[in-house]
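Worksheet for the structure shown next.
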Amino acid sequence: MRAILEVILIVLDLYVWLLIASAILSWLIAFNVVNTRNQFVAAVAEFLYRITEPALAPIRRFMPNLGGLDISPIILILCIILVQKLIAYNVAPYFT
């Protein structure tokens, strides 16, 4: 059971990195640093959008409009860190 918890923690950590990559890529696209007409950039952007948007959309529905600032990835990352800490400190000790 401990191995399953470790896998869950690794998956959550990987998802945090995907959220960070998605935010950075969206900034690069917004500031015209990368061109979305490039097939590789478009494929990576589409992949990151499809992976992160289902988790970010409910947060964006409840967030007030902050203009051009989107802090939903930050809120989701904080929630993921909270879940990781809850698993590490409250669940994992029972399975040693």
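So the sequence shown is residues 17 to 112, counted in our numbering. Even for Gly, the Cβ is constructed at its ideal location relative to N, Cα and C. Here the structure is a predicted model, which is why all the values come from computation and not from measurement.
Using only alpha-carbon positions, find the residue among Glu22, Pro70 and Asp29 that is nearest to isoleucine 97. Working through the sequence shown from its first residue, we reach residue 97 at position 81. The shortest C-alpha separation from isoleucine 97 is found at Asp29.
Spatially closest choice to isoleucine 40 from Pro70, Leu92, Leu64 and Ala71, by CA coordinates: Along the sequence shown, read from residue 1 onward, the residue named residue 40 stands at position 24. That would be Leu64, whose Cα lies nearest to the Cα of isoleucine 40.
In the DSSP assignment, find the alpha helix (DSSP H) that holds isoleucine 26 and state where it starts and stops. In the sequence shown, the residue the question calls residue 26 occupies position 10. It spans 18-46 - the alpha helix (DSSP H) in which isoleucine 26 sits, taken as one unbroken run.
For leucine 72, count the other beta carbons within 10 Å of its own beta carbon; 16 or more makes it buried, fewer makes it exposed. Which is it? Numbered from 1 along the sequence shown, position 56 holds the residue referred to as residue 72. Answer is buried; the Cβ neighbour count reaches 16.
What is the DSSP secondary structure of asparagine 54, counted as helix, strand or coil? If you number the sequence shown from 1, residue 54 lands on position 38. In this structure, asparagine 54 counts as coil in the three-state DSSP scheme.
Start and end of the alpha helix (DSSP H) containing valine 99? For the purposes of this step, residue 99 is taken as the residue at position 83 of the sequence shown. Boundaries of the alpha helix (DSSP H) harbouring valine 99: 88-102, taken from the DSSP string.
Hey, alanine 61 and isoleucine 75: beta-carbon distance below 8 angstroms or not? The residue given as residue 61 occupies position 45 in the sequence shown. The residue given as residue 75 occupies position 59 in the sequence shown. Their beta carbons are not under 8 angstroms apart, which means alanine 61 does not touch isoleucine 75 by this criterion.
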